[in-house]
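One structure below.
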Amino acid sequence: MHYTDWLRGFIGSETEVAVSGDVVIGTLTNVGEGTITLKVPPIIYGPPTDTAVIPLRSIEFVRIVAS
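Counting from 28, one number per residue, gives the positions in the sequence shown under our numbering.
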């Protein structure tokens with residue numbers, strides 16, 4: 028089983044993704060070949076979208092928040 032196959036099992040779950048110097052918190056919506064997509068709350072003075080696309084190579088760890 029590949030890492031991305033494991034992540035696909037958690038689509039729709041609250042997820043914390045650590046990247047260099049930051050943690051992105053949101054709902055996992057998609058796992059692609061080289062990226063994951065999270066639905067995140069809007070950011071003040073940020074981009075006008077509610078999605079974060081994170082390249083797999085920049086992820087340090089992923090935590091799936093238990094419900």
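Even glycine gets a Cβ: it sits at the ideal position worked out from N, Cα and C.
query = Helix, strand or coil: how does DSSP classify ASP49 here?
reply = The answer is strand: DSSP assigns ASP49 an E or B state.
inquiry  = Less than 7 angstroms between C-beta atoms, sequence neighbours within five positions excluded: which residues of the same chain meet that for LYS66?
reply    = Excluding positions up to five away in sequence, the list reads GLY53, THR54, THR56, ASP77, THR78.
ask   = Should GLY39 be counted as a contact of the ligand NAD given a C-beta to heavy atom distance under 7 angstroms?
value = Ligands displayed in this structure: none; no statement on the ligand NAD is therefore possible.
inquiry  = For VAL50, count the other beta carbons within 10 Å of its own beta carbon; 16 or more makes it buried, fewer makes it exposed. Which is it?
reply    = Around the beta-carbon of VAL50, fewer than 16 other beta-carbon atoms lie within 10 Å, marking it exposed.
task = Take ILE86 and list the residues in its own chain whose beta-carbon comes closer than 8 angstroms to its own, dropping the five residues that flank it on each side.
result = Within the same chain, ILE86 has close Cβ partners VAL44, ALA45, VAL46, ILE63.
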